[in-house]
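K.L.:
Below: one structure in structure tokens.
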Amino acid sequence: DGGITQSPKYLFRKEGQNVTLSCEQNLNHDAMYWYRQDPGQGLRLIYYSQIVNDFQKGDIAEGYSVSREKKESFPLTVTSAQKNPTAFYLCASSLLSDSRELFFGEGSRLTVL
Amino acid sequence: AQSVTQLGSHVSVSEGALVLLRCNYSSSVPPYLFWYVQYPNQGLQLLLKYTSAATLVKGINGFEAEFKKSETSFHLTKPSAHMSDAAEYFCAVRPSGSARQLTFGSGTQLTVLP
Chain A
1 DGGITQSPKY LFRKEGQNVT LSCEQNLNHD AMYWYRQDPG QGLRLIYYSQ IVNDFQKGDI
61 AEGYSVSREK KESFPLTVTS AQKNPTAFYL CASSLLSDSR ELFFGEGSRL TVL
Chain B
1001 AQSVTQLGSH VSVSEGALVL LRCNYSSSVP PYLFWYVQYP NQGLQLLLKY TSAATLVKGI
1061 NGFEAEFKKS ETSFHLTKPS AHMSDAAEYF CAVRPSGSAR QLTFGSGTQL TVLP
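Residue numbers (my numbering), protein chains in the order written: chain A, 1 to 113; chain B, 1001 to 1114.
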């Protein structure tokens, strides 16, 4: 079955450590996205990529980094510069149609201790 | 710029009652509109979408939404709530022909009472 796989589902890290969240899709979608979800704030776009080796900042990119070396993969690194990293992170993908309907992974919950 | 407002962060209904979740949008051009559902600790699943065809859109699980341009609204309804409908619901907008990505509302938590 086609879909989006995020790992790990739960992750704990100490302050000052970088952590990388994995996102893989086998939907043959060109575009991939990372969102952050906090209670009562909806989803906020961190980064997105529409083509391999290219990506753009979203609304809250500070303290995060991404890479897009393969069409199927779009890992997100939460760096120590992110002041409040505890959150639920969602990866999504879409075709480059005008509507940009998003397909989501199951999410990764990061807790900083 | 586009934006989405979901009125009511929490809505409670009795099982079998009408579900109405409100969404108003702003967009300078004709929009694409979406409703997504999220169950606890899971990703979002598309319920339905409006892409400028019929103004009344039917989705999965008995949900539907009506696009009303004059009211800039895209409210989600279901005639009879089921316990399994308890979840968080998000409205999202994307202006057609735009380079902007989807903008999500802040979500509405639906509780279904027995």
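Heads up, the beta-carbon is just placed ideally off N, CA and C, and yes, glycines get one too. Predicted model only: the values in this text are computed from it and were never measured.
1) Is Ile-46(A) helix, strand or coil when you go by DSSP?
2) Is the CB of Leu-1044(B) under 7 Å away from at least one CB in chain A?
3) Starting from Thr-1103(B), follow its DSSP beta bridges and name the residues at the other end.
4) What residues from the stretch 86-102 of chain A come within 7 Å of chain B, judged by C-beta to C-beta, listed N to C?
5) Quick check: the Cα distance between Val-1013(B) and Phe-1104(B), rounded to an integer number of angstroms?
6) So, under 8 Å CB-CB, Val-78(A) and Trp-34(A) are touching, yes? Tell me the CB distance rounded to an integer number of Å.
7) Please name the residue, chosen from Leu-43(A), Ile-46(A), Phe-55(A), that lies closest to Asp-30(A) on a Cα-to-Cα basis.
8) Determine the extent of the beta strand (DSSP E) in which Glu-1064(B) is found, giving its start and end residues.
9) Considering Cys-23(A), what are the terminal residues of the beta strand (DSSP E) in which it resides?
10) In the structure shown, what three-state DSSP assignment does Ser-99(A) receive?
11) Quick one: which chain B residues come within Cβ less than 8 Å of Leu-11(A)?
12) Less than 7 Å between CB atoms is the rule here; does Glu-106(A) satisfy it with respect to chain B?
13) Hey, out of Asp-1085(B), His-1075(B), Leu-1113(B), whose CA is closest to Tyr-1039(B)'s CA?
14) Closest to Ala-81(A) by C-alpha separation, out of Glu-62(A), Pro-75(A), Arg-68(A), would be which residue?
15) Cα separation between Phe-1063(B) and Leu-1110(B)?
16) Please list the partners that Gly-42(A) has in chain B, where partner means a Cβ-to-Cβ separation under 7 Å.
17) Starting from Val-1057(B) and walking both ways along the beta strand (DSSP E), at which residues does that stretch end?
18) Which of the three DSSP states is assigned to Met-1085(B) in this structure?
19) Along chain A, in chain order, which residues have C-beta atoms closer than 8 Å to that of Asn-1061(B)?
20) Output, in chain order, the set of chain B residues within a Cβ distance shorter than 8 Å of Tyr-33(A).
21) Taking the alpha carbon of Val-112(A) as the reference point, which residue from Ile-4(A), Thr-20(A), Thr-86(A), Gly-105(A) has its own alpha carbon closest?
22) Report back the beta-carbon spacing between Arg-981(B) and Tyr-1032(B) to the nearest angstrom; my notes put them in contact at under 8 Å.
23) Listing by chain order, which chain B residues have their CB less than 8 Å from the CB of Tyr-64(A)?
P.N.:
Taking the structure as given:
1) The sequence position of residue 46(A) within the first sequence is 46, counting from 1. The DSSP-derived three-state label of Ile-46(A) is strand.
2) Numbered from 1 along the second sequence, position 44 holds the residue referred to as residue 1044(B). Yes, Leu-1044(B) lies at the interface with chain A (some Cβ there is under 7 Å from its Cβ).
3) For this step, residue 1103(B) is matched to residue 103 along the second sequence. Secondary-structure assignment with DSSP links Thr-1103(B) through a beta bridge to Val-1093(B).
4) In summary, the residues of the stretch 86-102 of chain A whose CB is separated from some CB of chain B by less than 7 Å are Leu-90, Asp-98, Ser-99, Arg-100, Glu-101, Leu-102, in the order they occur in the chain.
5) On the second sequence, position 13 is the one that residue 1013(B) refers to. On the second sequence, position 104 is the one that residue 1104(B) refers to. Straight-line Cα distance between these residues: approximately 24 Å.
6) Within the first sequence, the letter at position 78 stands for residue 78(A). Within the first sequence, the letter at position 34 stands for residue 34(A). The C-beta distance from Val-78(A) to Trp-34(A) rounds to 10 Å, too long to meet the 8 Å contact threshold.
7) In the first sequence, counting from the first residue as 1, residue 30(A) sits at position 30. Among Leu-43(A), Ile-46(A), Phe-55(A), the Cα nearest to that of Asp-30(A) belongs to Phe-55(A).
8) The residue given as residue 1064(B) occupies position 64 in the second sequence. From DSSP, the beta strand (DSSP E) with Glu-1064(B) extends over 1064-1068.
9) Within the first sequence, numbered from 1, the residue matching residue 23(A) stands at position 23. In the DSSP assignment, Cys-23(A) falls within the unbroken beta strand (DSSP E) covering 19-25.
10) Within the first sequence, the letter at position 99 stands for residue 99(A). Three-state result, Ser-99(A): coil.
11) Against the first sequence, residue 11(A) aligns to sequence position 11. In chain B, no part has a C-beta under 8 Å from the C-beta of Leu-11(A); the shortest such distance is about 13 Å.
12) Counting from 1 along the first sequence, the entry for residue 106(A) is found at position 106. Yes, Glu-106(A) counts as interfacial toward chain B.
13) Locating residue 1039(B) in the second sequence gives position 39, counting from the first residue. Taking Tyr-1039(B) as reference, the option from Asp-1085(B), His-1075(B), Leu-1113(B) with the minimal CA-CA separation is Asp-1085(B).
14) As a working mapping, residue 81(A) is identified with position 81 in the first sequence. With distances taken between Cα atoms, Ala-81(A) lies closest to Glu-62(A).
15) Translated into positions along the second sequence, residue 1063(B) becomes position 63. Translated into positions along the second sequence, residue 1110(B) becomes position 110. The alpha-carbon of Phe-1063(B) is positioned some 13 Å away from that of Leu-1110(B).
16) Here residue 42(A) refers to the residue found at position 42 of the first sequence. By Cβ distance, chain B contributes Phe-1090, Phe-1104, Gly-1105, Ser-1106, Gly-1107.
17) Counting from 1 along the second sequence, the entry for residue 1057(B) is found at position 57. First-last of the beta strand (DSSP E) with Val-1057(B): 1056-1058.
18) For the purposes of this step, residue 1085(B) is identified with residue 85 of the second sequence, where counting begins at 1. Per the sequence shown, the amino acid found at residue 1085(B) is Asp instead of Met. In the displayed model, Asp-1085(B) falls within a helix according to three-state DSSP.
19) Taking the first residue of the second sequence as position 1, residue 1061(B) is located at position 61. Neighbours of Asn-1061(B) on chain A: none; closest Cβ ~17 Å, over 8 Å.
20) Taking the first residue of the first sequence as 1, we reach residue 33(A) at position 33. Per Cβ cutoff of 8 Å: Gln-1101.
21) Against the first sequence, residue 112(A) aligns to sequence position 112. Of the candidates Ile-4(A), Thr-20(A), Thr-86(A), Gly-105(A), the one whose C-alpha sits nearest the C-alpha of Val-112(A) is Thr-86(A).
22) In the structure as shown, chain B starts at 1001 and stops at 1114, and residue 981(B) therefore has no counterpart that could be examined.
23) Residue mapping note: residue 64(A) aligns to position 64 of the first sequence, counting from 1. Result: empty, since nearest Cβ-Cβ is about 16 Å, beyond 8 Å.
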